[in-house]
Amino acid sequence: MTWPRDQRTGPAIARELPIFPAKPTISRSHNDNHAFEEGPADELDCLRHVLTPDVLRSAELRARQLGIGADQVLIRRGVISEHTYLEHLSQHTGIALDDLTTANRADCLLADRQLTLAAASGICPLRRNDGPIWLIAPRGRAARMLSRLVVAYPHLTRRLRLMSSVALQRFLTEQGGRAALAHAATRGLHDHHPALSAAPAKEQSGPWPSRLRRGCGVGSMVLLPTVMAPGLCSTALALWFLGYAGLRLAGAFWPRRPERHLPPLPERCLPVYSVMVALYREASSVARLVQAIEAFDYPREKLDVILVIEPDDQQTHAAIKRLGFRPYLRHLVAPAVAPKTKPKALNWALPFVRGSFVAVYDAEDHPDAGQLRAALDAFRRHGSDVACAQASLCIDNATHSWLSRMFATEYAGQFDLYLPGMSEMRLPLPLGGSSNHFRTDILREVGGWDAHNVTEDADLGFRLARFGYRSVTFDSTTYEEAPIHFHPWLRQRTRWMKGWLQTWCVHMRRPRQLWREAGARGFVTLNILAGGNVVTALAYPLMLGRLAIELQGAASARWYGWPLLHVVALSTAIVATLVVGWLGLGKRGRRRDSWILALTGIYWLYLSIAAWRAVLQYIWAPHYWEKTEHGKVGRTHAQFSEIAQPAPRSVHK
0 MTWPRDQRTG
10 PAIARELPIF
20 PAKPTISRSH
30 NDNHAFEEGP
40 ADELDCLRHV
50 LTPDVLRSAE
60 LRARQLGIGA
70 DQVLIRRGVI
80 SEHTYLEHLS
90 QHTGIALDDL
100 TTANRADCLL
110 ADRQLTLAAA
120 SGICPLRRND
130 GPIWLIAPRG
140 RAARMLSRLV
150 VAYPHLTRRL
160 RLMSSVALQR
170 FLTEQGGRAA
180 LAHAATRGLH
190 DHHPALSAAP
200 AKEQSGPWPS
210 RLRRGCGVGS
220 MVLLPTVMAP
230 GLCSTALALW
240 FLGYAGLRLA
250 GAFWPRRPER
260 HLPPLPERCL
270 PVYSVMVALY
280 REASSVARLV
290 QAIEAFDYPR
300 EKLDVILVIE
310 PDDQQTHAAI
320 KRLGFRPYLR
330 HLVAPAVAPK
340 TKPKALNWAL
350 PFVRGSFVAV
360 YDAEDHPDAG
370 QLRAALDAFR
380 RHGSDVACAQ
390 ASLCIDNATH
400 SWLSRMFATE
410 YAGQFDLYLP
420 GMSEMRLPLP
430 LGGSSNHFRT
440 DILREVGGWD
450 AHNVTEDADL
460 GFRLARFGYR
470 SVTFDSTTYE
480 EAPIHFHPWL
490 RQRTRWMKGW
500 LQTWCVHMRR
510 PRQLWREAGA
520 RGFVTLNILA
530 GGNVVTALAY
540 PLMLGRLAIE
550 LQGAASARWY
560 GWPLLHVVAL
570 STAIVATLVV
580 GWLGLGKRGR
590 RRDSWILALT
600 GIYWLYLSIA
610 AWRAVLQYIW
620 APHYWEKTEH
630 GKVGRTHAQF
640 SEIAQPAPRS
650 VHK
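Numbering (numbering that gives the first Met the number 0), first residue to last: 0 to 652.
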């Protein structure tokens with residue numbers, strides 16, 4: 000008997016198969032990470048005549064230590080390929096192996112919105128000539144379960160098929176689900192939470208109406224208050240400077256509770272941990288990045304690394320291929336659809352994440368080897384409402400120019416002082432774009448990243464707060480590279496300023512709703528940080544010039560008033576920057592670089608140039624991602640030897 004497509008969806012079939020839940024869900028408990036029940040490694044029975052007893056015994060012992068399937072040990076260690084293992088498992092269990100090469104979208108019984116569940120769970124229902132079947136890409140304990148299941152219920156072999164994770168990935172990204180997953184990656188957040196997305200409304204009349212609206216909106220924000228109430232506007236700007244400085248100082252001096260020491264987690268209790276990196280024109284950084292990932296103090300069998308590249312980036316693709324086969328590493332090609340941004344690439348990969356936790360890095364990053372375990376400890380210290388743990392970022396090419404030295408001073412104050420202080424105050428954190436560690440299920444729940452926001456990290460930090468979740472910091476460092484010349488710095492900082500402006504405009508669309516969801520502290524934090532970052536940078540040269548005129552007693556400037564408030568505001572902002580920078584350099588043991596703080600006034604003028612450029616880009620090209628080039632300078636903490644070639648693959652392939 001066959002069923003019409005609209006009546007035979009995946010959940011409907013699932014009800015007839017007691018081994019699967021009626022509604023596939025994505026949760027911490029369904030991501031490969033169950034500790035295994037004790038018992039014989041039945042998943043190895045199919046290999047008794049293929050591999051030596053010593054190899055099988057070692058795999059079983061290692062599997063018991065890790066709490067995973069012994070088949071996963073062999074596959075992740077490169078002893079046998081996944082496809083070869085599935086061939087032997089198919090012969091042993093009688094469950095046919097399907098490579099999905101003849102399947103198309105019409106064969107899949109899942110709705111478009113359910114395709115992400117198939118990618119995450121490794122389970123996909125298809126229609127075949129003899130009726131609906133379930134295809135399974137075994138992971139975690141699935142191979143052991145299937146080996147036992149067919150013994151107890153041999154008739155189920157008719158309804159089950161094996162498939163490799165590569166076949167499932169190919170089917171979803173090329174054959175059956177590319178359009179649906181691409182839409183989810185670009186507009187998924189807008190579909191579910193339109194008020195929280197920077198994605199534009201679909202228009203038939205081209206980009207000009209949107210540009211006109213943004214131009215009028217920005218113009219009215221800037222000009223109307225200045226013309227209608229110049230004194231009030233001037234006072235508000237001064238108070239904004241004071242608030243921005245006050246929050247930085249409060250974060251820097253807020254008392255820190257010492258981190259509670261926790262006994263290390265045994266390997267058996269460690270979850271599968273995913274690592275995602277979006278790459279574009281990063282061929283020179285790939286080898287060093289992978290070597291840094293391989294240095295993690297984490298079981299290779301529980302590491303899931305996804306590199307995401309763009310379809311027109313052949314050099315980076317070739318660099319990944321030169322790495323050779325690494326069982327723990329996959330790469331995905333993002334769809335060639337707008338916008339071409341890092342968050343779109345991350346959203347494309349998010350459905351394929353297998354870990355209960357996922358970390359995001361940049362191409363040039365060199366994280367501490369113990370960072371994954373340190374992040375898990377941070378989650379253990381806090382409650383289940385903590386969705387993200389942010390590591391510290393540190394610039395390791397600070398000595399190359401005064402700009403990179405100032406950049407390093409900024410990061411020292413931000414990630415080592417006032418962000419940890421904000422975490423202690425339980426305020427929303429504007430996340431850094433790298434070394435964010437998430438609970439995967441919560442990340443999916445809140446919609447992932449906004450593909451149209453060019454500071455997707457800060458936006459996500461505030462969105463998590465609106466959903467009732469917290470972000471925290473923890474003691475671990477990732478070393479990064481800063482631009483050393485003005486033009487690369489300007490492009491990067493323009494993108495950041497534009498993203499802050501996007502974030503502010505998105506979350507302030509409905510101020511009352513923001514107040515209800517984030518509370519008073521979240522509301523104020525957003526306006527001081529997201530709004531203050533941009534407004535203070537825009538206003539700095541204007542206030543500086545206005546202050547100079549007022550101090551000279553020019554009659555033409557008297558209508559602005561409040562010269563004393565301007566002096567206090569600018570002085571406080573400068574003092575706050577100097578204090579936070581000086582303390583941050585001390586935390587990093589680089590107090591000898593404190594002389595760079597004397598150039599703060601000049602640096603702020605640079606920030607103002609970036610802010611005004613960002614406003615123009617926000618009107619004209621709000622979702623354009625200005626690429627930051629990496630790998631062009633020497634670095635102190637990220638010196639790598641030539642990356643070791645992977646061990647030769649087993650003949651069992």
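Positions of the beta carbon are idealized from the N, C-alpha and C atoms, including for glycine. This structure is a prediction, so every number in the text was calculated from the model and none was measured.
Among D41, L99, E266 and D111, the one whose alpha carbon lies nearest that of W133: L99
Between the CA atoms of M542 and A613 - distance to the nearest angstrom: 19 Å
Rounded Cβ spacing between I305 and A348 (contact assumed at less than 8 Å): 5 Å
Whole-angstrom C-beta distance between E479 and I394, which should lie under 8 Å: 6 Å
Other residues of its chain near E516: CB distance less than 6 Å, five sequence neighbours each side excluded: R465
N- and C-terminal bounds of the alpha helix (DSSP H) containing G600: T599 to W619
Among A318, Q168 and V566, nearest to A333 - alpha-carbon criterion: Q168
Residue from P257, E455, L46 and T156 with nearest C-alpha to T502: E455
Inter-residue Cα distance where the pair is V165 and S403: 42 Å
Local conformation of G531 per DSSP, three classes: helix
Cβ pair L195, R462 closer than 8 Å: yes
For I394: DSSP bridge partner residues: E479
8 Å Cβ cutoff met for V734 and W624: Residue coverage of the chain in this structure runs from 0 to 652, which leaves residue 734 outside it and unanswerable.
According to DSSP, residues forming a beta bridge with I74: Note: I74 sits in no beta bridge, so no partner.
C-beta contact flag for L428 and S400 at 8 Å: no
Selected residue, minimal CA-CA separation from L161, among R138, A151 and L582: R138
Residue burial classification, T686 (beta-carbon count within 10 angstroms, cutoff 16): Nothing in the structure corresponds to residue 686, since the chain is present only between 0 and 652.
Residues near L269 by beta carbon distance below 6 Å, same chain, minus five either side: K301
Backbone secondary structure at Y360 - three-state DSSP: strand
Continuous alpha helix (DSSP H) stretch holding A184: start and end: R177 to H191
Anticipated Cβ contact below 8 Å, A118 with P350, distance rounded: 4 Å
Same chain, Cβ closer than 6 Å to A58, five either side skipped, listed in chain order: A69, V72 and L73
Secondary structure of L269, DSSP reduced to three states: coil
Cβ neighbours of P254 in the same chain (closer than 8 Å, five flanking residues each side left out): E423
Whether M507 touches L500 by CB criterion (8 Å): no
At least 3 beta-carbon pairs within less than 8 Å: the segment 179-198 vs the segment 324-340: yes
Buried/exposed call for L606, threshold 16 Cβ in 10 Å: buried
DSSP three-state assignment for P10, whether helix, strand or coil: A caution first: P10 carries a pLDDT of 39, below 50, which makes its placement in the model unreliable, though a value can still be read off. Of the three classes helix, strand and coil, the one that applies to P10 here is helix, per DSSP.
Rounded separation between G175 and I122 - CA only: 14 Å
Beta-carbon proximity list for R490, same chain, < 6 Å, skipping 5 on both sides: E625
Range of the contiguous alpha helix (DSSP H) that encloses D303: Taken as a continuous stretch (DSSP letters only), D303 belongs to no alpha helix (DSSP H), being part of the beta strand (DSSP E) at L302 to I308.
For S57, the three-state DSSP class (helix, strand or coil): helix
Beta-carbon gap between Y417 and R247 smaller than 8 Å: yes
Three-state secondary structure (DSSP) of A277: strand
For R589, the three-state DSSP class (helix, strand or coil): coil
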